[in-house]
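One structure below.
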Amino acid sequence: MDGSRNTTPEGAVEGFGAALRRLRMERGISAAHLARQLNYSKGHLNNVEKGVKRPSPEFIRACDDALDAHGALLALMPQPRPPRAHPPVRPAQLPPGPTHFVGRDRQLALLEDLRADGEGPLVIVVNGRPGVGKTTLALSWTRRIRDDYPDGVLVADLRGYSPSQPPAEPAEVLEEFLRALGVSPDRVPSTVSGRSALYRSLLDGHRTVVVLDNAVSSAQVRPLLPGATGAVAIVTSRDRLSSLAIHDGAYLVDLDVFTEREAIELLRTVVGPDRVRAHPDAAAEVVRRCANLPLAVRVAAERIAARPALTLTDLAADLADESSRLAALAVDDEAPVHAVFSWSYRGLSPAVARMFRTLALHAGPGIGLGAAAALADVSVAEARNSLGRLVIGHLVDEVRHERFRFHDLVRLYAREQVDRDPPAETSAAVHRELVWYLRTVHAASLILGPSNQYFPGEIPSTGPPPPALSSYEDAVGWFELELTNIVAATRQAYELGWYDLAWQIPHALFEFLHLQQPWSIWENIYRIGLAAAEKAHSRTAEAWMRHGLGLVHLGLRRFPESFTLISEALEIRRADGDIDNQAWGMWALGALHMETDRTPAAFDSFAEALRLFGQANDDYGQAATLNTIAHLHHRLGDSDKALPLCSEALSIYRASGNRHGEGDALHQLGEVHAALGQLDDALRCLEEALKVRRTTGDSKGEADTLVALAEISHRSGRPGTAREYLEQAVDLFAERGDPRSPRVDRLLDEIPRRPPPEEGDTSGTTARQGR
19 MDGSRNTTPE GAVEGFGAAL RRLRMERGIS AAHLARQLNY SKGHLNNVEK
69 GVKRPSPEFI RACDDALDAH GALLALMPQP RPPRAHPPVR PAQLPPGPTH
119 FVGRDRQLAL LEDLRADGEG PLVIVVNGRP GVGKTTLALS WTRRIRDDYP
169 DGVLVADLRG YSPSQPPAEP AEVLEEFLRA LGVSPDRVPS TVSGRSALYR
219 SLLDGHRTVV VLDNAVSSAQ VRPLLPGATG AVAIVTSRDR LSSLAIHDGA
269 YLVDLDVFTE REAIELLRTV VGPDRVRAHP DAAAEVVRRC ANLPLAVRVA
319 AERIAARPAL TLTDLAADLA DESSRLAALA VDDEAPVHAV FSWSYRGLSP
369 AVARMFRTLA LHAGPGIGLG AAAALADVSV AEARNSLGRL VIGHLVDEVR
419 HERFRFHDLV RLYAREQVDR DPPAETSAAV HRELVWYLRT VHAASLILGP
469 SNQYFPGEIP STGPPPPALS SYEDAVGWFE LELTNIVAAT RQAYELGWYD
519 LAWQIPHALF EFLHLQQPWS IWENIYRIGL AAAEKAHSRT AEAWMRHGLG
569 LVHLGLRRFP ESFTLISEAL EIRRADGDID NQAWGMWALG ALHMETDRTP
619 AAFDSFAEAL RLFGQANDDY GQAATLNTIA HLHHRLGDSD KALPLCSEAL
669 SIYRASGNRH GEGDALHQLG EVHAALGQLD DALRCLEEAL KVRRTTGDSK
719 GEADTLVALA EISHRSGRPG TAREYLEQAV DLFAERGDPR SPRVDRLLDE
769 IPRRPPPEEG DTSGTTARQG R
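If you count by this note's numbering, then the sequence shown holds residues 19 to 789, one letter each, in order.
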């Protein structure tokens with residue numbers, strides 16, 4: 019018999035699915051396209067077509083209309099299932115629905131896909147931070163699907179974060195469920211296991227939804243899960259409840275804040291489209307100040323809706339003040355946003371609560387384990403444990419491995435709490451973190467190069483230890499992660515009057531700044547350092563800050579400002595009799611003269627720098643100066659004079675283990691060989707320089723070496739290799755935000771774009787693989 023004519027419910031389901039699929043394919047419509055047109059998930063459509071999922075009448079009508087079937091699909095509508103025995107009582111505990119439900123399309127589609135994957139029992143855990151809308155999503159979805167579960171809906175508030183009551187005991191909830199299912203009080207078992215067994219027996223064979231709201235732990239939830247095929251349990255919690263996923267097959271659905279579009283849609287729904295349309299910029303500012311947190315946006319919207327005279331512009335202005343923002347998110351003297359955070363906070367252990375509070379003292383946008391441990395005055399292991407608890411409770415976000423960040427409104431709440439601690443404690447916490455930053459910046463800089471051998475004064479030897487950094491890659495990676503925090507820490511030190519820290523941190527950072535040349539950051543942090551040095555009345559520190567700012571202006575080609583600052587630093591050093599640092603001042607003046615084409619003055623300055631470095635027995639300074647003089651000779655076309663100077667500088671750098679200097683000298687040596695027509699030697703030196711610069715993380719030097727390799731490969735008759743080197747250099751310049759030099763633009767015009775590989779030309783492969 020043709021299966022499509024089978025009149026049993028199961029056969030009818032299969033017949034409709036096969037007919038739907040056949041008709042869809044005849045029309046040339048993909049499953050994904052039809053699912054979007056029907057506003058159902060693709061998984062649901064696939065399961066209907068396979069006969070796994072029973073279609074609702076609404077779904078069948080929608081398919082008939084979408085495929086223009088003229089009633090052919092309606093005729094295949096499965097007959098209703100034969101009546102089944104309901105539980106003694108059909109529970110209907112779903113509360114009145116949340117009004118103004120918007121957004122969450124992706125999450126709703128995911129929930130539907132999970133439901134379509136099988137008949138259950140299905141356990142879903144919706145987790146997220148306070149106020150993100152977990153309960154709203156769970157109840158709204160339950161309302162959408164309840165017609166598919168004719169045996170009822172059970173709902174329990176597990177009170178995981180109640181301000182006034184302890185979390186609900188499983189025995190208590192099971193007793194309520196059993197009574198809702200018609201069990202008389204004298205028949206309710208006395209033990210949790212007995213109640214759970216009876217509860218599951220009563221639900222066996224029935225299609226029921228169980229909503230378990232505000233769960234605090236997996237152990238609280240586990241006895242309440244139905245075991246029946248066809249049942250659905252949806253759990254909400256601020257914790258992830260990973261144990262339910264591992265041991266009970268639960269699906270975890272992470273709920274985050276709204277997108278800006280969703281947040282504005284909620285605002286529009288509550289206050290009316292006209293008011294939002296009249297002040298679109300203010301509406302965007304309101305939801306931004308609410309950090310797109312659904313609860314905060316709803317409270318702000320209700321405040322506007324209740325006061326017709328209050329405009330969105332007025333509310334945006336009220337929310338602009340961080341110190342009163344949480345208070346502004348209140349309606350009728352109630353502060354629900356503040357309350358939901360306080361419920362979570364009160365449930366923390368003392369150690370975790372202290373970590374939560376002290377994190378608010380951190381000045382930067384995110385924080386790592388070491389800085390958090392320093393703030394809280396605990397070990398890294400203890401910090402890891404406390405931060406893990408805060409992540410599980412959605413009070414902080416782990417944005418990458420062991421890097422953490424507050425949600426904006428949670429940070430304001432944490433700041434309120436830490437402001438209640440004794441000022442001496444909070445001051446000590448901040449000072450510990452700043453000392454930790456100084457010690458770590460100094461330790462990492464020593465890995466990058468020897469400039470910190472010139473560090474004036476003593477680095478604190480006590481306090482939280484810096485992390486273990488053992489390589490160039492470790493040090494550069496740490497700096498790149500922490501650079502924004504280092505600037506924020508420097509500013510915080512200055513604002514709190516710890517002026518020595520506020521100039522020591524920038525000075526310790528010099529090696530990284532000189533290596534990577536992030537000009538704006540360098541200028542910003544050294545200006546703070548200079549102001550701090552002046553406040554601290556430290557002439558030595560003032561000279562270093564002026565010298566560093568002079569190099570920034572030199573790099574940005576602001577030559578008059580550079581000359582003034584370098585000269586002021588040199589004057590201080592001469593007055594102090596500081597021979598070694600006078601040498602660096604003369605080197606900087608030589609570099610300035612070289613860039614402004616004052617060649618005789620440049621040679622004189624470099625000669626004086628060499629004399630002073632020799633007097634100070636500073637091999638590193640001598641090597642840097644020799645390499646720079648070689649560069650000047652090379653620029654003037656005297657490459658024969660440059661060659662021995664480069665070789666001498668390279669020997670000194672290698673003997674001292676200065677990898678960054680080695681890369682500089684190798685690059686310069688390659689350029690000199692190229693100028694002398696020794697192209698094979700030039701390529702050898704530049705390829706070695708490229709490896710060294712990649713090892714040291716010198717991205718600017720790497721880009722410069724790639725350009726030189728491109729030019730010399732082009733001269734050697736290998737345009738394919740040359741183009742690959744050049745495109746890598748262009749990408750690096752773009753990543754760094756650096757302008758391309760005229761040399762790069764010229765090569766882009768000269769070198770053809772990606773010709774076929776030349777016979778025997780394998781160096782292009784090296785160019786690709788080395789990056």
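Note that the Cβ used here is the ideal one computed from N, Cα and C, for glycine as well.
Distance between beta carbons of Leu630 and Ala587, contact taken as under 8 angstroms: Here residue 587 refers to the residue found at position 569 of the sequence shown. Here residue 630 refers to the residue found at position 612 of the sequence shown. Not quite, the Cβ-Cβ distance comes to about 14 angstroms (not below 8 angstroms), so this is no contact.
Any non-hydrogen atom of the ligand ZN within 7 angstroms of Val201 CB: In the structure shown, the ligand ZN is absent, as is every other ligand, since no ligand is present at all.
Rounded Cβ spacing between Ala648 and Gln696 (contact assumed at less than 8 angstroms): Taking the first residue of the sequence shown as position 1, residue 648 is located at position 630. Taking the first residue of the sequence shown as position 1, residue 696 is located at position 678. That pair is no contact at about 15 angstroms.
Spatial neighbours of Pro770 in its chain, beta-carbon cut-off 6 angstroms, leaving aside the 5 residues before and after: Indexing the sequence shown from 1 puts residue 770 at position 752. Answer for Pro770: Pro737, listed in chain order.
Outcome for Lys68 when other beta-carbon atoms lying within 10 angstroms are tallied against a minimum of 16: Position 50 of the sequence shown, counted from the start, is the residue given in the question as residue 68. Answer is exposed; the Cβ neighbour count stays below 16.
Arg402 versus Pro485 - alpha carbon distance: Locating residue 402 in the sequence shown gives position 384, counting from the first residue. Locating residue 485 in the sequence shown gives position 467, counting from the first residue. Between Arg402 and Pro485, the C-alpha separation is close to 14 angstroms.
Neighbourhood of Ile539 by C-beta, 7 angstroms cutoff - its chain only, sequence neighbours within 5 removed: Working through the sequence shown from its first residue, we reach residue 539 at position 521. Excluding sequence neighbours, Ile539 sits near Leu501, Val505.
From Val370, Val459, Thr480, residue whose alpha carbon lies closest to that of Ala432: Looking up residue 432 in the sequence shown gives position 414. When each option's Cα is compared against that of Ala432, the closest is Val370.
Inter-stretch contact at 8 angstroms, needing at least 3 Cβ pairs: the stretch 162-180 / the stretch 77-89: no
Distance, Ala251 Cα to Phe34 Cα: Locating residue 34 in the sequence shown gives position 16, counting from the first residue. Locating residue 251 in the sequence shown gives position 233, counting from the first residue. Going from the Cα of Phe34 to the Cα of Ala251 covers about 29 angstroms.
Collapsed DSSP secondary structure at Ser479 in the structure displayed: To locate residue 479, count along the sequence shown from 1; it is residue 461. Of the three classes helix, strand and coil, the one that applies to Ser479 here is coil, per DSSP.
Sequence-distant residues of the same chain with beta carbon closer than 8 angstroms to Ala511, five excluded per side: Against the sequence shown, residue 511 aligns to sequence position 493. Answer for Ala511: Leu452, Tyr517, Leu519, Ala520, Ile523, Ala550, listed in chain order.
Residues sharing a beta bridge with Leu386, DSSP: Reading the sequence shown from its first residue, position 368 is the one you call residue 386. Note that residue 386 is Gly in the sequence shown here, rather than Leu. DSSP lists Arg421 as partners of Gly386.
Local Cβ density within 10 Å of Arg321, reported as buried at 16 or more and exposed below that: Sequence index remark: in the sequence shown, residue 321 carries index 303 (1-based). Flag for Arg321 reads buried.
Pro114 to Trp159 span [Cα, whole Å]: Against the sequence shown, residue 114 aligns to sequence position 96. Against the sequence shown, residue 159 aligns to sequence position 141. Near 13 angstroms, if we compare the C-alpha coordinates of Trp159 and Pro114.
Whether Pro120 touches Glu278 by CB criterion (8 angstroms): Position 102 of the sequence shown, counted from the start, is the residue given in the question as residue 120. Position 260 of the sequence shown, counted from the start, is the residue given in the question as residue 278. Looking at the sequence shown, residue 120 is not Pro but Val. Contact: no.
Local Cβ density within 10 Å of Thr117, reported as buried at 16 or more and exposed below that: Taking the sequence shown and counting its residues from 1, the one referred to as residue 117 is at position 99. Thr117 should be labelled exposed.
Selection from His62, Ser489, Met373, Arg711 that minimises the alpha carbon distance to Asp131: Start at 1 with the first residue of the sequence shown, and residue 131 comes out as number 113. Closest by alpha carbon: His62.
Per DSSP, the bridge partner or partners of Ser255: Indexing the sequence shown from 1 puts residue 255 at position 237. Ser255 pairs with Asn145, Ala233.
Element boundaries [beta strand (DSSP E), containing Tyr269]: Translated into positions along the sequence shown, residue 269 becomes position 251. That run of the beta strand (DSSP E) goes 269-272.
Under the three-state DSSP convention, the category Glu187 falls into: Taking the first residue of the sequence shown as position 1, residue 187 is located at position 169. Coil, per DSSP.
Residues that Asp166 bridges to, as DSSP identifies them: Translated into the one-based positions of the sequence shown, residue 166 becomes position 148. For Asp166, which the question treats as bridged, DSSP gives no partner whatsoever.
Residue burial classification, Leu38 (beta-carbon count within 10 angstroms, cutoff 16): Position 20 of the sequence shown, counting from 1, holds the residue named residue 38. By the neighbour-count rule (16 or more Cβ atoms within 10 Å), Leu38 is buried.
Where Asp439 falls: helix, strand or coil (DSSP): Numbered from 1 along the sequence shown, position 421 holds the residue referred to as residue 439. The answer is coil: DSSP assigns Asp439 none of H, G, I, E or B.
Val239, buried or exposed, once every other Cβ within 10 Å from all chains shown has been counted against 16: Taking the sequence shown and counting its residues from 1, one reaches residue 239 at position 221. Val239 comes out buried.
Supposed close pair Ile282, Val305 - CB separation, criterion 8 angstroms: Along the sequence shown, one-based indexing puts residue 282 at 264. Along the sequence shown, one-based indexing puts residue 305 at 287. That belief holds up - the Cβ atoms of Ile282 and Val305 are roughly 6 angstroms apart, short of 8 angstroms.
Residues near Ala700 by beta carbon distance below 6 angstroms, same chain, minus five either side: Locating residue 700 in the sequence shown gives position 682, counting from the first residue. Here the set comprises Gly688, His691, Ala692, Ile730.
Residues of its chain near Arg45, where Cβ-Cβ distance is below 7 angstroms and the 5 sequence neighbours each way are ignored: The count along the sequence shown starts at 1 and reaches residue 45 at position 27. Cβ neighbours of Arg45 beyond the five flanking positions: Leu85.
Contact check, Pro312 vs Leu337, beta carbons under 8 angstroms: Within the sequence shown, numbered from 1, the residue matching residue 312 stands at position 294. Within the sequence shown, numbered from 1, the residue matching residue 337 stands at position 319. Not closer than 8 angstroms, so no.
Through-space distance from Ser236 to Ser260, alpha-carbon basis: Reading the sequence shown from its first residue, position 242 is the one you call residue 260. Reading the sequence shown from its first residue, position 218 is the one you call residue 236. Using only the alpha carbons, I get a separation of about 8 angstroms.
Selection from Thr254, Trp537, Ala642 that minimises the alpha carbon distance to Ala156: Residue 156 sits at position 138 when you count from the first residue of the sequence shown. Of the candidates Thr254, Trp537, Ala642, the one whose C-alpha sits nearest the C-alpha of Ala156 is Thr254.
Under 8 angstroms between C-beta atoms of Pro207 and Val228: Taking the sequence shown and counting its residues from 1, the one referred to as residue 207 is at position 189. Taking the sequence shown and counting its residues from 1, the one referred to as residue 228 is at position 210. Taking 8 angstroms as the Cβ cut-off, Pro207 and Val228 do not qualify as a contacting pair.
Boundaries of the alpha helix (DSSP H) in which Val120 is found, first to last residue: Here residue 120 refers to the residue found at position 102 when the sequence shown is read from its first residue. Segment: none, Val120 is in no alpha helix (DSSP H) and carries neither H nor E.
Touching by the beta-carbon criterion (3+ pairs, under 8 angstroms), the stretch 439-446 and the stretch 409-427: no
Euclidean distance between Cα positions of Asn542 and Ile590: Stepping through the sequence shown from its first residue, residue 542 is reached at position 524. Stepping through the sequence shown from its first residue, residue 590 is reached at position 572. Their backbone Cα atoms lie some 22 angstroms apart in a straight line.
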